[in-house]
Amino acid sequence: MEFVVEEGKTLHEECSTLILPALSIGNVGQLAVDLLVSSTKAERIGYLDDPHVLPCVGNNAYLPSPPGDLALPLEAYDSTSNLLTLIQQRSPVAKGMMIEYAKNVADFAATSGKKHIVLLSSLDFGRWQTIDMSSGLQIYYLSSASVDGTDDDCERIGWKRLQEYNPAQRMWKYLSTLAEGNAELDGDIPFEDELGEEDYCPSLPFAAMFSCFKAKGLKVTCLLCYCSEGDNIPEAFQLADAACRLLDINPNNFHGDDGGKWIVPFSWQTVYGPPPDMSIF
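Using my numbering, the letters of the sequence shown map in sequence onto residues 109 to 389.
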């Protein structure tokens with residue numbers, strides 16, 4: 109993976125916290141990063157070129173009047189006022205290359221001096237084991253702060269540790285082994301049609317990324333929510349707000365254009381295309 113700095117820009121050393129998405133159902137992590145980039149008015153400082161991420165190109169996601177900048181698969185943004193670096197991933201990783209991609213991102217984070225990694229992702233609502241909507245949408249977390257994945261700060265906020273995390277379970281152990289550079293357990297990984305319910309979470313991108321960041325000795329916190337495919341903008345707001353709570357950032361300081369605290373990305377205006385032709389009704 110190569111980090112390409114835009115002309116006249118620099119990677120700010122004081123931005124020691126890195127927020128990035130792990131692709132999953134509903135693209136909630138990516139939407140949340142979009143919301144954070146837009147609301148913090150983060151500055152694009154460059155992009156990451158990784159051979160395992162599929163190429164794509166698009167219009168500027170944040171400005172209505174394009175200055176000629178194109179959106180690329182992996183972009184890096186700095187918010188110096190919040191001491192944040194944000195990476196937005198706009199296309200998927202090639203099949204079978206998730207571990208290699210995760211290792212590359214972990215290498216970038218370590219060499220650029222990041223101290224805390226916050227991963228934003230989602231889980232399939234259809235696999236939710238214990239459904240409790242009495243307190244609304246739930247945030248679940250997974251942290252490298254302890255062996256069992258718990259974190260005192262997350263517990264004080266009121267979030268629940270991801271119950272499906274078990275470092276002794278075969279898939280989690282396999283991920284840890286690969287992340288540490290030991291490929292001797294290749295024969296122990298089950299075939300795709302042999303995966304059970306307990307293998308669902310460790311088969312997702314966030315698990316590979318968590319394992320690789322942890323193997324680098326970096327502090328990493330995964331923030332997760334359950335969702336279904338469809339309009340997942342509410343979950344994006346929820347996940348972005350959770351990231352702010354974790355990092356003690358006050359969204360009320362963002363000063364949204366409509367008087368609210370969040371600044372909705374320009375690209376969201378066309379996320380579902382134009383309104384229907386009313387003459388069909």
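All residues carry an ideal CB built from backbone N, CA and C; glycine is no exception.
In this structure C330 is buried. Its beta-carbon is surrounded by 16 or more other beta-carbon atoms within 10 angstroms. Judged by beta-carbon spacing, A344 lies beyond the 7 Å limit of V226, meaning their Cβ atoms are not closer than that value. Here S229 is bridged, per DSSP, to L332.
Looking at the DSSP output, F111 sits in a beta bridge with L156.
A direct Cα-to-Cα measurement between V136 and L180 gives close to 18 Å.
The way I'd put it, the region 148 to 166 does touch the region 180 to 189; three or more beta-carbon pairs between them come closer than 8 Å. The beta-carbon separation of C320 and A287, rounded to 4 Å, stays under the 8 Å limit for a contact.
When secondary structure is reduced to three states using DSSP, T118 falls in the coil class, being assigned neither helix nor strand.
Between the C-alpha atoms of W280 and G257 there is a straight-line separation of about 12 Å.
With contacts defined as CB atoms closer than 7 Å, C335 and S230 qualify as a contacting pair. Beta-bridge partners of A184 (DSSP): G154, I195. The shortest C-alpha to C-alpha distance from S220 to any of Q377, R353, L354, M109 is the one to M109. The Cβ atoms of D261 and I133 do not sit closer than 7 Å to each other. The alpha-carbon separation between E183 and F389 amounts to approximately 42 Å. Rounded to whole angstroms, the gap between the alpha carbons of H224 and M386 is 50 Å. CA-to-CA, the gap between E306 and G116 works out to about 48 Å.
Shown here for P200: same chain residues with a beta carbon closer than 8 Å to its own, the five before and five after excluded, namely L131, V161, L162 in chain order.
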